[in-house]
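Student: The sequence shown finishes on residue 291 if you use the working numbering, and the numbering steps up by one all the way, no holes. Even for Gly, the Cβ is constructed at its ideal location relative to N, Cα and C.
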Amino acid sequence: MARFTSKDRQRIIDGYLSAAGRNMFVPSEFIDWLSGNPDHEAFDWFFSKDDAEAAREYRIGLARQMASGLRITARVQNTPEKSVSVSVRQFPSMVSTVSGRRNGGGYHHFHPDDPEMVSELRRQASQALVSWLSRYRGIAEMSGADVTSVEMIAAKLMDQNDDAA
């Protein structure tokens with residue numbers, strides 16, 4: 127399966143819109159159009175698998191969505207000599223480690239005392255914030271929002287991850 131960069135994907139979509147005489151990208155119409163163009167560079171991306179294999183991958187994606195966003199609550203206690211400080215934090219219930227995704231992946235239960243899982247979650251959190259900034263910075267700043275704190279959080283997560291490595 128071809129891996130297209132965002133520039134490639136933009137070029138492919140722009141080419142489709144031009145060829146189809148459309149000014150709005152409708153995914154179902156794109157797939158219908160692409161199915162009749164087997165020589166198109168993106169054809170194999172969508173049609174290289176038979177329907178049974180594609181349906182299985184779709185169902186695996188649905189299972190990932192089912193597990194995504196689940197939360198656990200963990201109590202973190204610092205026990206100084208005289209007083210007790212209790213913090214309640216929420217974490218994802220399960221984390222899909224990036225390193226295992228090439229081999230079919232899977233979700234692992236998250237535990238805040240597991241340094242590897244904490245490091246993985248920090249890395250994913252930092253990447254998600256950087257991705258959010260890349261996508262929404264312009265509209266946030268146009269709306270008068272200061273995104274500096276989001277940048278600082280992403281950097282802090284990455285710095286702590288680098289220190290742990």
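1) Looking at C-beta atoms only, is the number of pairs between the segment 182-195 and the segment 147-161 that lie closer than 8 Å three or more?
2) Does the pairing of the segment 261-270 with the segment 229-241 give three or more beta-carbon distances under 8 Å?
3) Measure from the alpha carbon of residue 248 to the alpha carbon of each residue in 143, 280, 215, then state which is nearest.
4) Quick one, which of 144, 286, 178 has its alpha-carbon nearest residue 242's?
5) Keeping to the same chain, check which residues put their C-beta closer than 8 Å to that of residue 238; ignore five residues upstream and five downstream.
6) So residue 283 and residue 252 are in contact, right, with Cβ under 8 Å, and what is the actual spacing, rounded?
7) Put residue 127 into one of helix, strand or coil per three-state DSSP.
8) Mind listing, in chain order, the continuous alpha helix (DSSP H) runs of no fewer than 4 residues lying wholly within the segment 214-273?
9) Pick out whichever of 230, 195, 229 has its Cα sitting closest to the Cα of residue 219.
10) Hey, could you find the ends of the beta strand (DSSP E) residue 197 is sitting in?
11) Under 8 Å Cβ to Cβ from residue 197, same chain only, skipping five residues before and after it: list those, please.
12) Can you tell me whether residue 212 is helix, strand or coil according to DSSP?
13) Between the alpha carbons of residue 140 and residue 269, how many angstroms are there, rounded?
14) Given a cut-off of 8 Å on the beta-carbon distance, is the pair residue 223 and residue 207 in contact?
15) Looking only at C-alpha atoms, which of 272, 145, 171, 276 sits nearest to residue 131?
16) What do you reckon, is the C-beta of residue 254 under 7 Å from a heavy atom of the ligand ADP?
Tutor: Reading off the structure:
1) No: the two stretches stay apart, fewer than three of their Cβ pairs being nearer than 8 Å.
2) no
3) Sequence index remark: in the sequence shown, residue 248 carries index 122 (1-based). Checked all of 143, 280, 215; the closest Cα to residue 248 is 280.
4) The sequence position of residue 242 within the sequence shown is 116, counting from 1. Of the listed residues, the one whose Cα sits closest to residue 242 is 286.
5) As a first step, residue 238 is located in the sequence shown; it is residue number 112 there, counting from the start. Same-chain partners within the cutoff: 200, 202, 215, 217, 244.
6) For the purposes of this step, residue 283 is identified with residue 157 of the sequence shown, where counting begins at 1. For the purposes of this step, residue 252 is identified with residue 126 of the sequence shown, where counting begins at 1. Residue 283 to residue 252, Cβ: 4 Å. Contact.
7) Position 1 of the sequence shown, counting from 1, holds the residue named residue 127. In this prediction, residue 127 scores a pLDDT of 45, lower than 50, which makes its location untrustworthy; no coordinate-derived value is stated.
8) 241-268
9) Sequence index remark: in the sequence shown, residue 219 carries index 93 (1-based). Residue 195 is the option with its Cα nearest to residue 219.
10) Here the question's residue 197 lines up with position 71 in the sequence shown. It spans 197-204 - the beta strand (DSSP E) in which residue 197 sits, taken as one unbroken run.
11) Residue mapping note: residue 197 aligns to position 71 of the sequence shown, counting from 1. 216, 217, 218, 219.
12) Counted from its first residue, the sequence shown places residue 212 at position 86. Here residue 212 sits in strand by DSSP.
13) The residue given as residue 140 occupies position 14 in the sequence shown. The residue given as residue 269 occupies position 143 in the sequence shown. Near 28 Å, if we compare the C-alpha coordinates of residue 269 and residue 140.
14) Within the sequence shown, residue 223 is the residue found at index 97, counting from 1. Within the sequence shown, residue 207 is the residue found at index 81, counting from 1. No.
15) The residue labelled residue 131 in the question sits at position 5 within the sequence shown. Checking every option, the nearest Cα to that of residue 131 belongs to 171.
16) For the structure depicted, the ligand ADP is absent and the ligand set is empty, with no information on it obtainable.
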